[in-house]
Amino acid sequence: MKKIFTFLFLSNAWLISDDNPNTRGSVDDYTQLKYKVAIVTRTSVPPVIDGIIDDLSWDDAIIIDEFLQFEPYNLEVATVRTETRVLFDDKYLYIAFNNFDPNPESIMKRLARRDDWESGFGSNSDWIGLGIDSRNDDKTGYWFAVNAAEVQVDVVIAGEGHNAFDGTWNVVWESKVSHNDKGWSAEIRIPFNVFQYSKDNIQEWGASFQRHYYGQQEEMQWPGRAKGVRGMVPHYGILKGLQDIPQPKNLELSPYLLQGQTETEDLEKSSNIGLDVRYNINSITNLNMTFNPDFGQVETDPSVLNLSAFETRLDERRPFFVEGANFYKSRLNLFNSRRIGQRPGFYSPESGSIVNRPEATTILGAAKIMGETASGMRFGIIEAVTNQEYGTREFEMEGSTKQEQFLLEPYTNYFIGRLEKPVINQLSTIGFMTTDLRRQGETDAANVFSLDWRLKFMDNKWSFEGQAANSMAGNDPGYAGRFSLSYRDPIWWELSAWGHYSDENFNVNDLGYQQRNNNWYTGVRGKIRRDTPKGIFLSQSLSLRTGLSGRGDGLITRKDIDLDQSNTFMNYWGMGWSVKLNPEVYEDDDLYRDSRAVIIKDEAWESYEFWFRTDRRKRIILRPKVDLSHGEIRGWGSETELELILRPTDYLNIRVNTTNENRPGSMQWVGIVEDSNNVNIIYANTKRQRTDTNVRINLALSPQMTFEAFYQPFKVDMDYVDYNRLVEEKSFNVEPYNYNKDKDFKMNNQVGTFVFRWEYLPGSLMYVVYNLNDNRYYSSADGKWYNSKVNSLFLKWNYFFRT
C-alpha cells in the first residue's frame, strides 16, 4: 500500500508541475497591479439609476477599462471590453458598468434570490461586481454585485479563503440593468453610510471592479489579481478623488410582526413583535441591537447520526449572529454563538425526568458594536440576555405519577469582546479576546481570555498565526495554545505546519465549542497546483497532508496521511480522487462518556474516494462520488453520493444530493454493566445503513419575490450484531458477553423549511415560512416507534426605514 501511495504522489506531482512557473499572462510584475489608480469624480447632478448610461454627469467620469482576466488565462488582457465609471456626491457613491458582448442575445440572465451566489452568480450568469476597502487597511472590504437579471449580492470580506465572505451582511442600495444591441449595462448607487471610513477630508480607498462574461466563462478584474496570492482586499487598486464626505449619523429601524402556529402534541397559536436597530455612531463605528428577536425564517437544522462521545456542532444561520462573526472566529473556538438561545438544560432534576421542555431559550435582547479607533485599533462587543425557561418534571409520589414545573435555565448574560491592532505592517495584527457567561443564582462565572496574532511577511507569502488562551470554569484555570506557519507561492506550491496543546482543565464549552482537552496535535500539509490552462486541463492540484495527535500522557490517538488530487478539464468537466491511511492508534473518546471507561485501541483503516462532475455550465449537472473504506477488524464498507443539479429555466434551480452508506463497525460503545464481580465495559460489532437526501428548490419570480424549499428525508438502520466485554484496556481484546438488551434502532426523520419571501420595499420583507421537523425513532428493545413532531407555519412582516 505504501508503494502505491508513493507512486500516486510522484506521478501526479510530475503531471501538475509547470513547464514555466514564472509565466503570468501579459503582466511583467503582478505585485505592482495594486498601485494602479482609478479616479472618482464629484457630481452636482446625480445620475438617474435606470441602467442606461445616458446622463450627462457620466461624461465627467474617467473611464476605467484596463481589465485583466482572472480566469481562465490569468492576467491576460480581457477578450471583451468593459467600461467602468465612478461618481460621488455628499450622500452616495455611483458606479456604472458598460459591458460589451459580441453575442448580446446569449447574455445569461439568471433570476435568483438576493445573495444566492450559487444560483445567480458564480459561473452561472453574466454579472458585474465592485469591491471597496473604505478603511484602506488591506484587510476588510465590502463587495457588491449585480447580475444581468438585476439580482443583487452584498458581502463583507474579512480575512482569507472561503470563510472570509459574510453573506448575511445586507444593506439597502440601488441597482438597475438594461440590455442593448451591444451588450448590457448597469448603474449602482450606494449610500456612504454603509461604509466605515476615516474623518480625513481627503480620502483614499481601495477598489476593485469585476465582470463575469458567461459566454467564454471568463472573469476579468481591474486592477487584476494573480491566482495563488492570499486574500482579495490586499490586491485592490487605489481609488482617488473622494473629498469632503460628510460623516454619516443615521438610524435604521426594522420593526417586525409575527403571527403563526406550532404543531407539537397540541396546536399552539402565537404572535410576537420585535425590533432591529442599526445606528452609525460615526463613520467607523456601528451599533446593532435586536429586541425580542425571531429567527423563524432561518433554515431548520438538518438531521445527523451522531454515535460519538461529543455533541454535534451546528452551523449558525441567524443573521444577527452571523453578520460580523468572522471578527470573533478563532482556531480554539472560544465563541460558538449557537450557545445563545440553545435548548434549555443547565439544571436537571435529581429524581424523575423532564417530559416536556422548550426547543430554545428565549433571547430577550442582544446588542453588538463594531468600530475602529483613529489609531487603527478595531474593537467589537456582543452582549445578549436570555430568559429563564421551565420544563415539566414527571415523578412518582405515594404510588401515583405527578408533574410539576421545573427550572431548566436561569436568566443568563453573555458577553464577548475583542480588540485587534495592526503591527509591523497593514496585514499583520495582534488581538485580545474575552468571553464571559453569568447565570442568575450561580456564583461561578465562566471566563475565557486569549491573545492571538497574525503576522504576514513578503507580500503575504509567509504567514505565522497563533493563539494562547486561559479558561476559568469555577476555580479551575486551564490553558491552551495553537500556532501555524505557512508559505504560499503565488505560482504553483504551498506548505504549512501547525501545532496545538490544551491541558486537562481547559474548557470553553459554556460559550465556545470544544470536544476534548488534555490533548495535542501537529501536522504538515503540502500542495502543488496549476492555476493556468495546459493541454486538456483548465486547472489541477495535488495535496499531501499528515497529522499526529495524542494525549497529555503521551499516548497517540491519531495518525493520518491524506493524498488528494483534483482536475478541471478544458470542457469544464471535473474529476478527482483521494486516498487516506490511518494506522493503528489508541482511542480515549469513551472517557468523555463515562468516568469508568478506559482507553482502547482503534484499528488501522484506509479509504479510497473517487468522484467526477459533468460540465458545470450546463442546465443538468451530475456529480457522483464513491468512497470505499477498509478496517483490519471491521472489513469493507462503502458510501456513495449522487448530486444532481437541474436548471430547467433561468428562474428555477433544483439541487438533489443523495448519500447511501453501508458500513460495518467494530468496538462501538454500548455501555457499562456492573455485577457483583466486575465492571463490564460492553462494545459491539455493528452494521450501519444510512440514507440521507437533501432537496433544495429555488424559484425566483422576480429579484424581489422568491420561493425556497429545503427538504431532507433521513433514514438510519443500526444493527448491533454481537456484544463483547472488554478484557484488557489499551487493546482490542474482548470476549462474548450475554448483554440482555437489544440496542438496535432505526431513525426515519423528515425536516424541511419552505419560505416565500417578498421584498415589497427596499429592505422591507414579508415571509411566509413552514418549518417541518418530524422525527421518528424505533427502539428494538421496546419494540415500538417514538414520534417527535414540531411543525410550524408563520407569517413574518418587517418594515425598514432610515432616519
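In the numbering used here, the protein residues as written are 42 to 844. Even glycine gets a Cβ: it sits at the ideal position worked out from N, Cα and C.
When you compare each of the options to residue i by their alpha carbons, which one comes out closest?
i: residue 35; options: 380, 531 and 152; result: Look at the range of the chain in this structure, 42 to 844, and you will see that residue 35 is not part of it.
i: residue 919; options: 104, 180 and 489; result: Here the chain covers residues 42 to 844 and nothing more, so residue 919 does not appear.
i: residue 766; options: 259, 708, 812 and 758; result: 708
i: residue 456; options: 389, 441 and 477; result: 477
i: residue 658; options: 79, 732 and 160; result: 160
i: residue 512; options: 583, 149 and 375; result: 375
i: residue 273; options: 111, 540, 563 and 790; result: 111
i: residue 637; options: 620, 696, 613 and 714; result: 714
i: residue 86; options: 69, 694 and 97; result: 97
i: residue 606; options: 583, 621 and 613; result: 583
i: residue 201; options: 501, 286, 261 and 609; result: 501
i: residue 722; options: 454, 686, 776 and 108; result: 776
i: residue 219; options: 148, 803 and 275; result: 148
i: residue 784; options: 593, 643 and 762; result: 762
i: residue 807; options: 792, 813, 79 and 836; result: 836
i: residue 772; options: 825, 316, 598 and 178; result: 598
i: residue 793; options: 805, 330 and 814; result: 814
i: residue 404; options: 366, 453, 634 and 442; result: 453
i: residue 289; options: 321, 119 and 686; result: 321
i: residue 610; options: 625, 588 and 574; result: 574
Going by DSSP, what residue range makes up the alpha helix (DSSP H) through residue i?
i: residue 175; result: Element bounds for residue 175: n/a, residue is neither H nor E.
i: residue 160; result: 158–161
i: residue 639; result: Careful: residue 639 lies outside any alpha helix (DSSP H) and carries neither H nor E.
i: residue 362; result: 360–363
For residue i, which residues from the same chain have a beta carbon less than 6 Å from its beta carbon, with the 5 sequence-adjacent residues on both sides left out?
i: residue 536; result: 528 and 567
i: residue 747; result: 154, 741 and 798
i: residue 293; result: 319 and 843
i: residue 596; result: 627
i: residue 345; result: 353
i: residue 829; result: 816
i: residue 539; result: 525 and 564
i: residue 623; result: 601 and 646
i: residue 849; result: Since the displayed the chain opens at 42 and closes at 844, residue 849 lies outside it and no answer follows.
Kindly indicate the opening and closing residues of the beta strand (DSSP E) around residue i.
i: residue 326; result: 326–332
i: residue 431; result: 430–438
i: residue 745; result: Where residue 745 is concerned, there is no enclosing beta strand (DSSP E), given that its DSSP letter is neither H nor E.
i: residue 253; result: 243–254
i: residue 856; result: Since the first residue shown for the chain is 42 and the last is 844, residue 856 is missing from the structure and cannot be characterised.
i: residue 199; result: 193–199
i: residue 692; result: Where residue 692 is concerned, there is no enclosing beta strand (DSSP E), given that its DSSP letter is neither H nor E.
i: residue 419; result: 419–427
i: residue 366; result: It is not in any beta strand (DSSP E) - residue 366 carries neither H nor E in the DSSP assignment.
i: residue 496; result: 487–498
i: residue 580; result: 578–592
i: residue 412; result: 404–413
i: residue 467; result: 466–480
Rounded to a whole number of angstroms, what is the C-alpha to C-alpha distance between residue i and residue j?
i: residue 205; j: residue 833; result: 34 Å
i: residue 242; j: residue 482; result: 52 Å
i: residue 827; j: residue 616; result: 43 Å
i: residue 429; j: residue 385; result: 9 Å
i: residue 647; j: residue 601; result: 9 Å
i: residue 417; j: residue 738; result: 44 Å
i: residue 64; j: residue 124; result: Note that residue 64 scores 46 on pLDDT, short of 50, meaning its location in the model is unreliable and no value can be drawn from it.
i: residue 468; j: residue 195; result: 23 Å
i: residue 619; j: residue 578; result: 19 Å
i: residue 412; j: residue 548; result: 29 Å
i: residue 530; j: residue 270; result: 7 Å
i: residue 603; j: residue 341; result: 33 Å
i: residue 757; j: residue 812; result: 22 Å
i: residue 572; j: residue 113; result: 8 Å
i: residue 182; j: residue 75; result: 15 Å
Keeping to the same chain, check which residues put their C-beta closer than 8 Å to that of residue i; ignore five residues upstream and five downstream.
i: residue 62; result: Because residue 62 carries a pLDDT of 44, less than 50, the predicted location of this residue cannot be relied on, and the following value inherits that uncertainty. Around residue 62: 532 and 533.
i: residue 284; result: 83, 242, 243 and 244
i: residue 447; result: 388, 390, 395, 431, 432, 433 and 434
Excluding five sequence neighbours on each side, which residues of the same chain lie with their C-beta closer than 7 Å to the C-beta of residue i?
i: residue 231; result: 133, 134, 185 and 214
i: residue 712; result: 723
i: residue 305; result: 830 and 831
Within the present structure, is the beta-carbon of residue i separated from the nearest heavy atom of the ligand ATP by less than 7 Å?
i: residue 216; result: Absent from the structure shown: the ligand ATP. Ligands present: none.
Validate contact between the stretch 248–255 and the stretch 168–179 using beta carbons, cut 8 Å, 3 pairs: yes
Are the stretch 648–656 and the stretch 668–681 touching by the rule of at least three beta carbon pairs closer than 8 Å? Here the stretch 648–656 lies against the stretch 668–681, with 3 or more beta-carbon pairs under 8 Å apart.
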